[in-house]
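Enquirer: Would you mind keeping the following structure in view while I ask a few things?
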Amino acid sequence: MARPQRLLYALCSSSATTAGSLIGGTFHPRYFSAGSVAHATAAANIDKDPWWKESMKKVRNIGILAPMDSEKTTLAEQILLYTDQIHKMHEVRGKGGCGATMDSMDLERKNGITIKSASTYCNWKGSKINIIEHVDFTTEVERALRVVDGAILVLCSFGGVRSHSITVDCQMRKNEVPRITFINQLDQMGADPWKVLNQIRSHFPRRTAAIQVPIGLENEFKGLVDLVKLKAYYFEGSHGKEKVPSNMETLVADKRRELIRTVSEVDKILAGAFLSDETISEADLEGAIRRATIARKFIPVFMGTAVKDKGVQPLLDGILSYFPCPIEVTNYALDQSKNEEKVELTGSPDAPLVALAFKSEQTLSGPLTYLRIYDGVIRKGGSIFNVNTGKNIKISSLCQMHSHEKMHDIQEAHAGQIVAVFGLECAAGDTFTDGLVKYTMTSMAISKPEIIMLVELKVPTEFQGAVTADLNKRKGVILGNDQDGDDSIIRAHVPLNNIFRYSPVLSSMTQGKGKLTMEYKKPNTREIRQLNDYYWIHSSST
2 MARPQRLLYA
12 LCSSSATTAG
22 SLIGGTFHPR
32 YFSAGSVAHA
42 TAAANIDKDP
52 WWKESMKKVR
62 NIGILAPMDS
72 EKTTLAEQIL
82 LYTDQIHKMH
92 EVRGKGGCGA
102 TMDSMDLERK
112 NGITIKSAST
122 YCNWKGSKIN
132 IIEHVDFTTE
142 VERALRVVDG
152 AILVLCSFGG
162 VRSHSITVDC
172 QMRKNEVPRI
182 TFINQLDQMG
192 ADPWKVLNQI
202 RSHFPRRTAA
212 IQVPIGLENE
222 FKGLVDLVKL
232 KAYYFEGSHG
242 KEKVPSNMET
252 LVADKRRELI
262 RTVSEVDKIL
272 AGAFLSDETI
282 SEADLEGAIR
292 RATIARKFIP
302 VFMGTAVKDK
312 GVQPLLDGIL
322 SYFPCPIEVT
332 NYALDQSKNE
342 EKVELTGSPD
352 APLVALAFKS
362 EQTLSGPLTY
372 LRIYDGVIRK
382 GGSIFNVNTG
392 KNIKISSLCQ
402 MHSHEKMHDI
412 QEAHAGQIVA
422 VFGLECAAGD
432 TFTDGLVKYT
442 MTSMAISKPE
452 IIMLVELKVP
462 TEFQGAVTAD
472 LNKRKGVILG
482 NDQDGDDSII
492 RAHVPLNNIF
502 RYSPVLSSMT
512 QGKGKLTMEY
522 KKPNTREIRQ
532 LNDYYWIHSS
542 ST
């Protein structure tokens, strides 16, 4: 019997008719419901014939996050410019109808902030990078982190770690997202990347070390030394890769030794070579950094200045080198026909469709819904089934987004791809299948009503990270962080049962310096909407 022909498509060509990306996974024995025989058959075929895995190694789904004024939109614009996705760079606060591609709303361009998360893609060295630029608001960040496989946290070289940076880090840890830190604006007065690195180590509970050393700072910033490859990169004139400057050899040697020592603390393979005094090659160090980053035990720190296109190219290389491809990420769904039994998704385009709606908005052309496809294929003109509402919906328009203004019509989309669909009436968090399985990516169980308390804590800034992380573990929703001298004031909504007898816990965490007040306050309409948007993400653990 002839082997059936399978659909293959252009992964990296933006002009391809059926642009998309495939996704793979690590496979283990699974349990399937009676209604998912097709899923089991697909899994068996995958083990025999993993024809799509090579393509998936060239895909990255990433997010870009940052506190306000850290130029994350500028970084996203430079990535698009350098990968030829756009051909002209505009100021974030554009004039005369011009502005950043990723900030298309007039209000965004006027105030220089990101209000709506934007989705785009680019191609770099034969690989495809799907990018979601996250907004400056907590709820939107939570939604988008649900569907990315890695995230870049952008920090300012003179402002350092701020209260919002700590909140974002807690969100990334909660969603188990590997991350890279990019210290931006090294050309600005007062730039001190080593001070920022120490702040990261103080506030973020992960091992971290610099991957690069800057050549000069402020007005003298000329390039970077790669500590893995031991090459100098200049971003002016005709310079390319060069030897490390002689006046920096001692500093580079010390920083590389520090990098190797830090990574060896969380990677057994590198630790063995380090303790045996073996020579650590470029490939050995790069492999160890990749393993530790994907395992969420290490945060590589890159540097540069996005507005002048310095450090963007090495960052793109770092995305490919250290972020996981979808084949290295394990995703799970809940089988509604088996009392929400946990099922590992295969990530195969041959498997039954499983897709999550993570963002829905109203446009002039109608409702626009963003989907992350975990299994199977969506085709234009076909039908999909909303497991949450029980409705069949026909796909009349299928697009690959490039910011809010541009979109490319496609005929089909495969596992691993992030796409947009017009006319899809649904809510953020709904799961779509082709009807062969009854899986959801989030729980449909209705939680018992909980009494929510408005909690205000005043703690020394040095304990802010630990307290914020503890509140997140208690299913708290951080409403805001303010600074009062050397103290941080944290406001949050926390279920009463989870905050009961919290004073001694807070005292222990802050060496007796923390103060706590709380009261029951009926949320207003806006707060109720924020809580509803937030808690659908956590319903599976409720």
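If you read the sequence shown in the working numbering, its first letter stands for residue 2, the second for the next number, and so on.
We treat Cβ as the ideally placed atom computed from N, Cα and C, and that holds for glycine.
#1: So, is residue 361 buried or exposed, given that buried needs 16 or more other C-beta atoms within 10 angstroms?
#2: Considering residue 303, what are the terminal residues of the beta strand (DSSP E) in which it resides?
#3: Just to confirm, are residue 419 and residue 375 a CB contact at a threshold of 8 angstroms?
#4: Which residue or residues does DSSP assign as beta-bridge partners of residue 373?
#5: Taking Cβ positions only, does residue 298 come closer than 8 angstroms to chain B?
#6: Give the range of the alpha helix (DSSP H) segment to which residue 427 is assigned.
#7: Quick check: the Cα distance between residue 33 and residue 344, rounded to an integer number of angstroms?
#8: When DSSP labels each residue in this structure, what does residue 284 get in the three-state scheme?
#9: Residues in its own chain within less than 6 angstroms of residue 35 by CB, not counting five upstream and five downstream?
#10: Note down the Cα distance separating residue 219 from residue 192, rounded to an integer number of angstroms.
#11: With DSSP run on the structure shown, which of helix, strand or coil describes residue 143?
#12: Using the beta-carbon count (16 or more within 10 Å), is residue 61 buried or exposed?
#13: So which of 320, 474 and 424 has the shortest CA-CA distance to residue 181?
#14: Inspect the beta-carbon positions of residue 165 and residue 68 and report whether they are closer than 8 angstroms.
#15: Can you list, in chain order, the residues of its chain whose CB lies under 6 angstroms from that of residue 103, leaving out five sequence neighbours each side?
#16: Using a Cβ-Cβ cutoff of less than 6 angstroms, which residues in the same chain neighbour residue 297 once the five nearest sequence positions on both sides are dropped?
#17: Would you identify the three-state DSSP class for residue 124, choosing helix, strand or coil?
#18: Going by DSSP, which residues form a beta bridge with residue 496?
#19: If you draw a straight line from the alpha carbon of residue 170 to that of residue 208, how long is it in whole angstroms?
#20: Could you tell me the alpha carbon to alpha carbon distance between residue 302 and residue 514, rounded to whole angstroms?
#21: According to DSSP, simplified to helix, strand and coil, what is residue 414?
#22: From the DSSP output, in three-state form, read off residue 432 for me.
#23: In whole angstroms, what is the alpha-carbon distance linking residue 495 and residue 481?
#24: Helix, strand or coil for residue 72 per DSSP?
#25: Could you tell me the distance, in whole angstroms, from the CA atom of residue 363 to the CA atom of residue 408?
#26: Would you mind giving the Cβ-Cβ distance between residue 213 and residue 306, rounded to the nearest angstrom? I have them listed as a contact below 8 angstroms.
#27: Hey, how far is the Cα of residue 432 from the Cα of residue 401?
#28: Tell me the DSSP secondary structure of residue 1 in three-state form.
#29: Assuming residue 269 is part of the beta strand (DSSP E), what are its boundary residues?
#30: If we ignore side chains and look at the alpha-carbon of each, how far apart do residue 236 and residue 352 end up?
#31: Return helix, strand or coil for residue 249, following the three-state DSSP convention.
#32: Return the chain-ordered list of same chain residues with a C-beta closer than 8 angstroms to the C-beta of residue 281, the five sequence neighbours on each side being excluded.
#33: Looking at residue 144 and the ligand HEM, is the gap between the Cβ and the nearest heavy atom below 7 angstroms?
#34: Please state whether the Cβ-Cβ distance between residue 184 and residue 158 is less than 8 angstroms.
#35: Check the DSSP bridge columns for residue 61 and list the partner residues they point to.
#36: Residues in its own chain within less than 6 angstroms of residue 263 by CB, not counting five upstream and five downstream?
Expert: Here's the rundown:
#1: Burial state of residue 361 is buried, judged by a 10 Å Cβ sphere holding 16 or more other Cβ atoms.
#2: 299-304
#3: Their beta carbons are not under 8 angstroms apart, which means residue 419 does not touch residue 375 by this criterion.
#4: 357 and 419
#5: The structure shown contains no chain B; it holds only a single protein chain.
#6: It is not in any alpha helix (DSSP H) - residue 427 carries neither H nor E in the DSSP assignment.
#7: Because the pLDDT at residue 33 is just 32, under 50, the model does not fix this residue reliably, and the value given afterwards should be weighed accordingly. Going by the C-alpha atoms only, they are around 7 angstroms apart.
#8: Residue 284 sits in a helix when the DSSP states are folded into three classes.
#9: Interpretation of residue 35 is limited by its pLDDT of 35, a score under 50 that renders its predicted location unreliable; the figure taken from the coordinates is listed afterwards. Around residue 35: no qualifying Cβ.
#10: 6 angstroms
#11: Residue 143: helix per DSSP, three-state reduction.
#12: buried
#13: 320
#14: yes
#15: Interpretation of residue 103 is limited by its pLDDT of 48, a score under 50 that renders its predicted location unreliable; no figure is taken from the coordinates.
#16: 179
#17: Residue 124 falls in the strand class under three-state DSSP.
#18: Its beta-bridge partners are 453.
#19: Distance between the alpha carbons of residue 170 and residue 208: 13 angstroms.
#20: 32 angstroms
#21: strand
#22: strand
#23: 13 angstroms
#24: coil
#25: Distance between residue 363 and residue 408, taken at the CA atoms: about 16 angstroms.
#26: 13 angstroms between Cβ atoms; not a contact.
#27: 19 angstroms
#28: Since the displayed the chain opens at 2 and closes at 543, residue 1 lies outside it and no answer follows.
#29: Taken as a continuous stretch (DSSP letters only), residue 269 belongs to no beta strand (DSSP E), being part of the alpha helix (DSSP H) at 269-276.
#30: Here the alpha carbons of residue 352 and residue 236 stand approximately 46 angstroms from one another.
#31: helix
#32: 261, 271, 274 and 275
#33: Summarising the ligand content, the structure contains no ligands, and the ligand HEM is consequently not present.
#34: In contact: residue 184 and residue 158 (Cβ atoms closer than 8 angstroms).
#35: BP columns for residue 61 point to 130.
#36: Only 208 and 210 meet the Cβ criterion.
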